[in-house]
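Participant: Under the working numbering, the residues of the sequence shown are numbered 129 to 250, in order.
Where a beta carbon is used, it is the ideal one built from N, C-alpha and C, also for glycine.
Here it is: the structure, laid out below.
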Amino acid sequence: MAAVISSLLLATAPSFAFTAQNGLAVRPETAGTFNVPWQGKAGPSAFWCAAGDYGIRALHLTPDTRIYRTSEPPRRSGEGVRFTLDPAGAASSTGLAVFWPKGAGITAGFAQSFCEEDFKRR
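Set out below in structure tokens:
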């Protein structure tokens, strides 16, 4: 009976999730693609913080590696944001109010720097 319960728990358990510095979960999908599900009052910088933190601490990317948003902004209420390391799947914009860089990608280091901003608000 215990073996049956164990196997059921394993079958229904969510795939590995990384918890970013700001508390948002990051769920790996296919190679180089990951999703940051919506959690509470998360805005664009919180999603990018989680993506950058995951890239640097879990994927061991260098800070100058670009991460791209794949889901088109604006994000609908209750939706998460998908990211990739492949520029071919990039959305048209980052969803951030920044003057530079243009496009849907920023470096992992720049993305992770939003974690510091988030930390200062607490």
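Once the 5 residues before and after isoleucine 184 are set aside, which same chain residues still bring their CB inside 6 Å of it?
Facilitator: Start at 1 with the first residue of the sequence shown, and residue 184 comes out as number 56. For isoleucine 184, where only same-chain residues beyond five positions count, the Cβ hits under 6 Å are Ala236 and Gln240.
Participant: Does the segment 197-206 come into contact with the segment 153-160, if we say contact requires no fewer than three beta-carbon pairs (one atom in each stretch) closer than 8 Å?
Facilitator: Because the criterion of three Cβ pairs below 8 Å is not met, the segment 197-206 and the segment 153-160 do not touch.
Participant: First and last residue of the beta strand (DSSP E) that includes alanine 145?
Facilitator: Locating residue 145 in the sequence shown gives position 17, counting from the first residue. Unbroken run through alanine 145: none, as it is neither H nor E.
Participant: Do cysteine 177 and alanine 153 have their C-beta atoms closer together than 8 Å?
Facilitator: If you number the sequence shown from 1, residue 177 lands on position 49. If you number the sequence shown from 1, residue 153 lands on position 25. No, Cβ-Cβ distance for cysteine 177 and alanine 153 is not below 8 Å.
Participant: Among residues of its own chain, excluding the 5 on either side of aspartate 181, which ones have a beta-carbon nearer than 7 Å to its beta-carbon?
Facilitator: Counting from one through the sequence shown, the residue named residue 181 turns up at place 53. Hits under 7 Å: Ala148, Gln149, Gln240 and Cys243.
Participant: What are the start and end residues of the alpha helix (DSSP H) that includes glycine 180?
Facilitator: Residue 180 sits at position 52 when you count from the first residue of the sequence shown. Element bounds for glycine 180: 172-181.
Participant: Rounded to a whole number of angstroms, what is the C-alpha to C-alpha distance between alanine 219 and valine 209?
Facilitator: Walking along the sequence shown from the start, residue 219 turns up at place 91. Walking along the sequence shown from the start, residue 209 turns up at place 81. Cα to Cα, alanine 219 sits roughly 11 Å from valine 209.
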